[in-house]
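K.L.:
All residue numbers for the sequence shown refer to the working numbering, where the first residue is 6 and numbers rise by one. C-beta atoms are modelled at their ideal positions from N, C-alpha and C, and glycine is treated no differently. Everything numeric in this text was worked out from a predicted model, so none of it was measured. Here it is, the structure, as structure tokens.
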Amino acid sequence: MAGLLWGVAVVPAAVAACAGAMKPAALEGAARAAPAVRCRAPEETAAYRVTFAATWSAATHPEGFPSDAHFSDLIGATHSADWTMWAQGGTAAEGIEQMAERGKSRPLDREVEAAIRAGRAGEWLAGDNIRRSPGSVSLDFKVTRTFPLVSLVSMLAPSPDWFVGVAGLDLCENHRWAPERTVVLYTYDAGTDSGRTYTAPDVDTQPREPIRRIEWAPFAVGGEVRPVGTLTLTRR
């Protein structure tokens with residue numbers, strides 16, 4: 006069944022082939038489904054390809070859509086359940102602030118390196134950007150039994166501090182590596198800049214506000230909060 010993650014809809018690609026198996030459904034939630042026990046998948050490692058398909062366009066989000074709409078590098082980490090890169094309702098660390106406001110990888114990369122040294126993260130992930138939205142980009146990576154979770158982020162630009170991503174997505178389902186996961190992406194406000202439009206002047210938010218999903222214009226259209234893309238993670 007679909008699991009609850011940080012405010013995104015998650016759709017498993019396959020359901021166990023057994024009598025009474027339930028049809029997968031997209032769910033949304035604001036609570037992370039961290040694994041209760043360590044992953045015991047038969048294989049120590051599993052290779053995945055993640056594809057970020059951006060659908061954000063003038064057709065989907067017409068209000069003030071920027072002529073230079075793009076996304077920064079797709080970056081993140083594999084990690085265990087005792088480390089968090091970002092969380093809905095949490096406060097953005099410096100790495101998330103610089104990613105969300107400037108599209109920078111640093112100091113988020115150093116925060117991940119510190120987690121790796123502490124034995125809480127496995128690998129720093131760094132992919133390309135999407136120079137023009139709509140568009141897509143892919144990134145290959147590996148997870149392990151020790152580090153079966155993946156967190157990814159990318160700045161939606163131009164913007165004050167808006168980004169997309171997934172937090173703590175567990176790829177070890179019932180002690181088996183998931184064949185495929187699809188995450189519907191909504192836009193988040195990092196809580197570090199008070200701007201309300203794509204090209205608003207910098208207005209530093211002090212104290213920082215919690216990270217939250219944007220449910221107002223320009224991402225709410227006709228009363229509906231519209232997604233800006235998907236992440237599809239496929240085992241290789």
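So, for S138: in the same chain, excluding its five sequence neighbours on each side, which residues have a beta-carbon less than 7 angstroms away from its beta-carbon?
P.N.:
For S138, where only same-chain residues beyond five positions count, the Cβ hits under 7 angstroms are A59, W61, S62, A74, H75, F76.
K.L.:
Since H75 sits in a beta bridge, which residues does DSSP pair it with?
P.N.:
In DSSP, H75 forms a bridge with A162.
K.L.:
Exposed or buried, Q211, counting other C-beta atoms within 10 Å across all chains shown (16 or more means buried)?
P.N.:
Looking at its Cβ environment, which holds fewer than 16 other Cβ atoms inside 10 Å, Q211 is exposed.
K.L.:
Among V142, G132, W88, whose alpha-carbon lies nearest the alpha-carbon of I121?
P.N.:
Comparing Cα positions, the closest option is W88.
K.L.:
Apart from the five residues on each side of it in sequence, which residues of its chain come closer than 6 angstroms, Cβ to Cβ, to L113?
P.N.:
Once the five neighbours on either side are set aside, the close Cβ partners of L113 are G100, M104.
K.L.:
Which of helix, strand or coil does DSSP assign to V142?
P.N.:
Three-state result, V142: strand.
K.L.:
Hey, is the stretch 134-149 in contact with the stretch 202-211, meaning 3+ C-beta pairs nearer than 8 angstroms?
P.N.:
Touching, no.
K.L.:
Do you know whose CA, among G228, V148, P67, lies nearest E178's CA?
P.N.:
The shortest C-alpha separation from E178 is found at V148.
K.L.:
At the level of alpha carbons, what is the spacing between G223 and L79?
P.N.:
The sequence given here places Pro at residue 223; Gly does not occur at that position. If you take the alpha carbons of P223 and L79, they lie about 22 angstroms apart.
K.L.:
Taking its Cβ as the centre, do 16 or more other Cβ atoms sit within 10 Å of R45, making it buried, or is it exposed?
P.N.:
So R45 ends up on the exposed side.
K.L.:
Apply the 10 Å Cβ neighbour rule to K28 and answer buried if 16 or more other Cβ atoms are within range, or exposed otherwise.
P.N.:
Since pLDDT at K28 reaches only 30, below the 50 mark, its modelled position is unreliable, and no value is offered.
K.L.:
Starting from E185, trace the beta strand (DSSP E) both ways and give me its first and last residue.
P.N.:
Element bounds for E185: 185-190.
K.L.:
What would DSSP say about V117, mapped onto helix, strand or coil?
P.N.:
Note: V117 maps to helix in three-state DSSP.
K.L.:
Would you call the CB atoms of R181 and L238 closer than 8 angstroms?
P.N.:
No, they are not a contact pair.
K.L.:
Leaving out five residues on either side along the sequence, give the residues of the same chain with a beta carbon under 6 angstroms from the beta carbon of R217.
P.N.:
Excluding residues within five positions, the ones whose Cβ falls inside 6 angstroms are D194.
K.L.:
Should A64 and A172 be called a contact, given that it needs their Cβ atoms to be closer than 8 angstroms?
P.N.:
Not closer than 8 angstroms, so no.
K.L.:
List the endpoints of the continuous beta strand (DSSP E) containing R54.
P.N.:
Here the beta strand (DSSP E) through R54 covers 50-59.
K.L.:
DSSP on E99, reduced to helix/strand/coil?
P.N.:
If DSSP states are grouped into helix, strand and coil, E99 belongs with the helices.
K.L.:
Excluding five sequence neighbours on each side, which residues of the same chain lie with their C-beta closer than 7 angstroms to the C-beta of E214?
P.N.:
Correct list, in chain order: G196.
K.L.:
Buried or exposed: S72, going by 16 or more other Cβ atoms within 10 Å of its Cβ?
P.N.:
That one is exposed.
K.L.:
Looking at the strands, I want to know which residues DSSP matches up with H84.
P.N.:
Note: H84 sits in a beta bridge opposite A126, L154.
K.L.:
Do A131 and S156 come within 8 angstroms of each other at the CB atom, strictly closer than that value?
P.N.:
No, the Cβ-Cβ distance between S156 and A131 is not below 8 angstroms.
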